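**Student:**
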Amino acid sequence: MEATGDNAVEGTPASDSMPIDKTTVTDSIPVQGTPQTDVVTVPETPPSDSIPIEGTPQNDTVPKPGEAEIQLEAPHGSNPEQQRETAEKTPDTNDEELFVTQGPPQKRIRRSPHLTNAEIRESVKIGLDDSGVGRIPKASLPVASLRPNVNTSNKGKGRKKSKANDVDVSTLGGSDIIADVQTNFGQPPIPTSAQGNKQSNLNELVESLPPEARSAATPDKKLIIDATKKFTKAPRVDKKGGWKHANLKTSLFHHQVLGAGFMREREKSKDQPKGGMLCDVMGLGKTIQTLANIVDGADEKLEDNANTTLIVAPRGLITQWKMQIEKHVQNNVLVPILCHYAGSRNNSSDIELFLQSKIILTSYDEIRISYPKMKEKPENLSPEELLRWGVRNFMNSAGPLHQFRFRRIILDEGQQIRNPESQTSIAVRALHGHYKWILTGTPLLNHSAEFWAYFKFLGVPNIGRFSSFVTNFCNGSDLSNQRLVNIVQKVVYRRTYRSRLFSCPIITLPNLNEETILVNPFVIEQALYKMLVTSFIDQLNRLANQQDEQSRCFLTMLLKLRMLNSHILCVQDRLKGILSDGKNMAKLQIAVADCSDDEANINRDIYVLLEELVKATKQAKESQKSQERMTSVESMLENFLATADNPHNDSMDWMADAGHDMPSSKVLKTRDTIRKWFKDGSATKCVIFTQFRDMTKIFANMCTKEKWAFTRLTGDMTIDDRDRSLKDFQALPEIKILIASLKAGGVGLDITAANKCILVEPWWNDAIQQQAFCRLFRIGQERDVEIVKLVAKNTIDDYMMKLQEMKLKEIEGAIGDARLPSVGIQAQLIHHFGDAERLPDGTFMIREWGHK
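Residue numbers for the sequence shown follow full-length UniProt numbering, beginning at 1 and rising by one.
#1: According to DSSP, is Trp763 part of a helix, a strand, or is it coil?
#2: For the putative contact between Glu450 and Leu444, defined by C-beta atoms under 8 Å, what is the C-beta separation to the nearest angstrom?
#3: For Val181, which residues from the same chain have a beta carbon less than 6 Å from its beta carbon, with the 5 sequence-adjacent residues on both sides left out?
#4: Roughly how many whole angstroms lie between the Cα atoms of Gln572 and Glu413?
#5: Less than 9 Å separating the beta-carbons of Ala398 and Pro372?
#6: Taking all protein chains shown into account, decide if Gly390 is buried (16 or more other Cβ within 10 angstroms of its Cβ) or exposed.
#7: For His328, report the span of its alpha helix (DSSP H) as first-last.
#8: For the segment 593-613 against the segment 518-526, do three or more pairs of beta-carbon atoms, one drawn from each stretch, fall closer than 8 Å, so that the two count as touching?
#9: How far does the alpha helix (DSSP H) with Ser467 in it reach, from first residue to last?
#10: Could you tell me whether the segment 312-322 touches the segment 741-761, where touching means 3 or more Cβ pairs closer than 8 Å?
#11: Which two residues bound the contiguous alpha helix (DSSP H) that contains Met702?
#12: Identify the residues that DSSP records as bridge partners of Asp797: which are they?
#13: Taking the C-alpha atoms as reference points, what is the distance between Asp728 and Ala740?
#14: Can you tell me whether Arg838 is helix, strand or coil according to DSSP?
#15: Suppose you measure from the CA of Asn184 to the CA of Ala754; what does that come to, to the nearest Å?
#16: Report the rounded CA-to-CA distance for Pro75 versus Ile294, giving the unit in angstroms.
#17: Can you tell me which of the three DSSP states Cys570 falls into?
#18: Taking 9 Å as the cut-off, decide whether the C-beta atoms of Arg418 and Tyr454 are in contact.
#19: Rounding to the nearest angstrom, what Cα-Cα distance links Arg315 and Lys743 in this structure?
#20: Exposed or buried, what is Arg712 when buried is set at 16 or more other beta-carbons lying within 10 Å of its beta-carbon?
#21: Within the same chain, show all residues whose beta-carbon is closer than 7 Å to that of Gly242, passing over the 5 residues directly before and after it, in chain order.
#22: Confirm, please, whether the CB-CB distance from Met563 to residue 854 is below 9 Å.
#23: Which residues share a DSSP beta bridge with Leu411?
#24: Between the C-alpha atoms of Gln515 and Gln256, what's the straight-line distance to the nearest angstrom?
#25: Which value, in whole angstroms, describes the spacing of the CA atoms of Pro46 and Glu385?
#26: Per DSSP, which residues does Thr362 bridge with? Please list them.
#27: When the Cα atoms are used, what is the spatial distance from Ala298 to Val335?
#28: Rounded to the nearest angstrom, how far is the Cβ of Gly276 from that of Arg266, given a contact under 8 Å?
#29: I need the straight-line Cα distance from Ile737 to Ala600, nearest angstrom please.
#30: Between the alpha carbons of Arg388 and Leu484, how many angstroms are there, rounded?
#31: I need the straight-line Cα distance from Ile224 to Lys230, nearest angstrom please.
#32: Terminal residues of the continuous beta strand (DSSP E) containing Ser741?
#33: If you measure between the beta carbons of Leu588 and Met662, is that distance less than 9 Å?
#34: Would you kindly work out how many angstroms separate the C-alpha atoms of His567 and Asp672, rounded to a whole number?
#35: Buried or exposed for Asn380, please, with buried defined as at least 16 other CB atoms from any protein chain shown within 10 angstroms of its CB.
#36: Would the C-beta of Cys279 count as close to the ligand ADP, meaning under 8 Å from any of its heavy atoms?
Okay, here's the thing in structure tokens:
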């Protein structure tokens, strides 16, 4: 745990706040420091705070205990719990009135951010609640697409309205970043002015535009001026085309002033939720916009003295957040900063250290660990008894992050909570804070129902349970689309690389080029690919009439084929069984003997290595059988210890023994591509993105042979090692290559030192690929960026690329999320492998196969 600075939160616990203590809890819950009469009791009749029953009106909160407590009118925005109650007691509204301005509610005195009884029960019910997610077939969920509402534009005769803040909802399921960049490439940047007065500065900016662009740019000028007024400390022009906030070291771009202004407006709003989603595509500066919002509201005094902003990020991004705060924020504005994650975790009983921190940086894993397990609940309990059990469990087990109310909660890469059934999503939604934000460049990866978890976290009113949300907001009708878009337009803010301001691109970056290289697999790779397909088809046919098992086998098949396309030894577990059959080795020998092209030697070398591996494996098995026949205790113990250290326990590790010597078509194409880049430019740096850990080792060996200095970034590295690796790649000119796993290196990082990248395995979901590309292409990149995708010709790689070009988003949804594909999706994919007959139970029999 790291802590810097010595600022402390003022204020003492009030009588209605509740620091959690780990003592045994009885059926009533005494509030520390309050009269004993202020307790939560279970009524004899079903209470309003019982677990909701599907089909009944939604009510997420419960009546507050202590009806005789002192009431007063408090400053706006200081008690989100009371505001949620008011919102949910509001009469039903029509689709145009989803956000209802509420009068100032009566509020209790609260001088401490410790949770109240009602807030604890609210957190508990999130873990106990079955929102009906599992009862909705995933295949029936809508794909990730929204349509703009019709007749929503202003058609009056008044002044033109700026469109710079309009959200293009059709891009929320993903946008083509490369096409967007190329649309605006070469367009002149937004002009700058040296005027010190913001009105004069923007007037000069507009006047410097071409005459035909000035009329459209004038409304944007007003939009910027209005945005600056939403700040407590209004940003001033820096006379260089940016905006300087008193608490920031770094100037904001025009579009960042608009984004931060949106955040300030939502936090100051009288409407719920007091927060929202900042969904700019990767690379446009979501971090600095968020920091501008935080520092501008840093001096705001809340009734409960909640002073801490919690920033939740993937583990690998925590250090980067700390560095960004130090880089962009003026000294002593956001201190102390506390880093809370595995290896740097504070004593969880020291709650005061948490309360004294201006910023807490933590990971999604820590949030999940902090929330008590509610799924392992007792059976045959009434709703009241179950709630009582849940509260006791929470009181005894809740970690520090679930024990008090934050000033602000920010989820970086917030798409991680999109699955409402996941423990991470449940734990995050059980947090309490005055203001809540989700940062993500890819809000919808699969279907529009993913908004439910986001909206529940934010506290959007009137959305109901998950099943009701799908019915009312995501059923594909124009009315449900309008309902959902109405909410999105209120709480979501998004710009893409196609966005414009003052008739110019919102930001000017170098060009971005993409090339797809079709790789011809070696003859021996093709033969092994066919053998692997045959092996899986036999297994799939044996699983006919077992739908779930067949679907899982099919997903495994797709994964293994992609792994084989990268390197045949990545699938050594299946390969050992296939090549143990002498007939298959004979087929390989014939295929290699027929080679007459330039790659004949490569194919023969691979065959010789495989032959040696098969022989060595056979000898190892025979030796193991011989050892197993030993009867002495000493020999049996010795044999056990020897085989326990063997990762396969019955054979050798082929990758460790031969991976450094055995070539693959994709590895050689990667090597040749990088050689050309280095020949064309000595300052070139490149990133190799791969999805498989074994491939990072193979590429490391390739770099060593070529004498290329490299570093790695993988999910199994410690945070310190990852930070050091990324820092070395960014700072040291001699390190030319970063080998990164797609999940570790493709999210949230700044890798602008690189100007080239290779994607070795195409990803099912194009949004994930584009996240990786935007690690290089973002604010701060000064060179043209080149992206290369490697696609194995006439394989599953090639087929999936064609499907993506056909815009079959349901394919991305089913496979990109690693869940069981629907019968219809399976049929489309199985058709690639041969003629298949669908059986009455929905399973398949593949009668004969051959690529189509």
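For every residue, glycine included, the Cβ atom is placed at its ideal position computed from N, Cα and C.
Computed from a predicted model, the values in this text were never measured in an experiment.
**Tutor:** Considering the structure as presented:
#1: In the sequence shown, residue 763 corresponds to position 763, counting from 1. Residue state, collapsed to three classes: coil.
#2: Position 450 of the sequence shown, counted from the start, is the residue given in the question as residue 450. Position 444 of the sequence shown, counted from the start, is the residue given in the question as residue 444. Between Glu450 and Leu444 the beta-carbon gap is near 6 Å, inside 8 Å, which marks them as a contact.
#3: Start at 1 with the first residue of the sequence shown, and residue 181 comes out as number 181. Close CB contacts of Val181 within its chain, under the 6 Å cut and outside five residues either way in sequence, are with Tyr497 and Leu512 (chain order).
#4: As a working note, residue 572 is residue 572 in the sequence shown. As a working note, residue 413 is residue 413 in the sequence shown. Approximately 35 Å between the Cα atoms of the pair.
#5: Here residue 398 refers to the residue found at position 398 of the sequence shown. Here residue 372 refers to the residue found at position 372 of the sequence shown. Contact check for Ala398 against Pro372 passes: the beta carbons are separated by less than 9 Å.
#6: Working through the sequence shown from its first residue, we reach residue 390 at position 390. Buried, by the Cβ-count rule.
#7: Residue mapping note: residue 328 aligns to position 328 of the sequence shown, counting from 1. It spans Ile318 to His328 - the alpha helix (DSSP H) in which His328 sits, taken as one unbroken run.
#8: Touching, per the Cβ criterion.
#9: Taking the sequence shown and counting its residues from 1, the one referred to as residue 467 is at position 467. Start and end: Phe466 to Phe473.
#10: Because the criterion of three Cβ pairs below 8 Å is met, the segment 312-322 and the segment 741-761 touch.
#11: What you label residue 702 is simply residue 702 of the sequence shown in a count that begins at 1. Where Met702 is concerned, the enclosing alpha helix (DSSP H) starts and stops at Arg693 to Glu706.
#12: Stepping through the sequence shown from its first residue, residue 797 is reached at position 797. The beta-bridge partner set that DSSP reports for Asp797 is empty.
#13: For the purposes of this step, residue 728 is taken as residue 728 along the sequence shown, with counting starting at 1. For the purposes of this step, residue 740 is taken as residue 740 along the sequence shown, with counting starting at 1. A straight line joining the alpha-carbon of Asp728 with that of Ala740 spans about 14 Å.
#14: Here residue 838 corresponds to residue number 838 of the sequence shown, with the count starting at 1. It is a strand residue.
#15: For the purposes of this step, residue 184 is identified with residue 184 of the sequence shown, where counting begins at 1. For the purposes of this step, residue 754 is identified with residue 754 of the sequence shown, where counting begins at 1. Each residue's Cα considered, the two are about 22 Å apart.
#16: Working through the sequence shown from its first residue, we reach residue 75 at position 75. Working through the sequence shown from its first residue, we reach residue 294 at position 294. Since pLDDT at Pro75 reaches only 33, below the 50 mark, its modelled position is unreliable, and no value is offered.
#17: For this step, residue 570 is matched to residue 570 along the sequence shown. Helix, per DSSP.
#18: Taking the sequence shown and counting its residues from 1, the one referred to as residue 418 is at position 418. Taking the sequence shown and counting its residues from 1, the one referred to as residue 454 is at position 454. Yes, Cβ-Cβ distance for Arg418 and Tyr454 is below 9 Å.
#19: By 1-based counting over the sequence shown, the position of residue 315 is 315. By 1-based counting over the sequence shown, the position of residue 743 is 743. Looking at the two C-alpha atoms, the distance is approximately 12 Å.
#20: By 1-based counting over the sequence shown, the position of residue 712 is 712. By the neighbour-count criterion, in which a residue is buried when 16 or more other Cβ atoms sit within 10 angstroms of its Cβ, Arg712 is buried.
#21: The residue given as residue 242 occupies position 242 in the sequence shown. Excluding residues up to 5 positions away in sequence, Ser251, Leu252 and Phe253 lie with their Cβ nearer than 7 Å to the Cβ of Gly242 in the same chain.
#22: Residue 854 lies beyond the residue range present for the chain, which begins at 1 and ends at 852; the question has no answer from this structure.
#23: Within the sequence shown, the letter at position 411 stands for residue 411. Paired residue(s): Val312 and Ile438.
#24: Against the sequence shown, residue 515 aligns to sequence position 515. Against the sequence shown, residue 256 aligns to sequence position 256. It is worth fixing the name first, because residue 515 is Glu in this sequence and not Gln. The straight-line gap from Cα to Cα measures roughly 31 Å.
#25: Mapped onto the sequence shown, residue 46 falls at position 46. Mapped onto the sequence shown, residue 385 falls at position 385. Its pLDDT being 37, under 50, Pro46 is placed unreliably by the model, and nothing is read from it.
#26: As a working mapping, residue 362 is identified with position 362 in the sequence shown. In the DSSP output, where bridge partners are listed per residue, Thr362 has Val312 and His340.
#27: By 1-based counting over the sequence shown, the position of residue 298 is 298. By 1-based counting over the sequence shown, the position of residue 335 is 335. Straight through space, the alpha carbons of Val335 and Ala298 are spaced by roughly 11 Å.
#28: Locating residue 276 in the sequence shown gives position 276, where the first residue counts as 1. Locating residue 266 in the sequence shown gives position 266, where the first residue counts as 1. Indeed they touch by this definition, with Cβ atoms about 5 Å apart.
#29: Locating residue 737 in the sequence shown gives position 737, where the first residue counts as 1. Locating residue 600 in the sequence shown gives position 600, where the first residue counts as 1. Between Ile737 and Ala600, the alpha-carbon positions lie close to 30 Å from each other.
#30: Counting from 1 along the sequence shown, the entry for residue 388 is found at position 388. Counting from 1 along the sequence shown, the entry for residue 484 is found at position 484. The straight-line gap from Cα to Cα measures roughly 35 Å.
#31: For this step, residue 224 is matched to residue 224 along the sequence shown. For this step, residue 230 is matched to residue 230 along the sequence shown. Going from the Cα of Ile224 to the Cα of Lys230 covers about 10 Å.
#32: Here residue 741 corresponds to residue number 741 of the sequence shown, with the count starting at 1. Where Ser741 is concerned, the enclosing beta strand (DSSP E) stretches over Ile737 to Ser741.
#33: Looking up residue 588 in the sequence shown gives position 588. Looking up residue 662 in the sequence shown gives position 662. The Cβ atoms of Leu588 and Met662 do not sit closer than 9 Å to each other.
#34: As a first step, residue 567 is located in the sequence shown; it is residue number 567 there, counting from the start. As a first step, residue 672 is located in the sequence shown; it is residue number 672 there, counting from the start. Rounded to the nearest whole angstrom, the CA to CA distance from His567 to Asp672 is 16 Å.
#35: The sequence position of residue 380 within the sequence shown is 380, counting from 1. Its Cβ having fewer than 16 others within 10 Å, Asn380 is exposed.
#36: As presented, the structure is devoid of all ligands, the ligand ADP included, so that no description of it is given.
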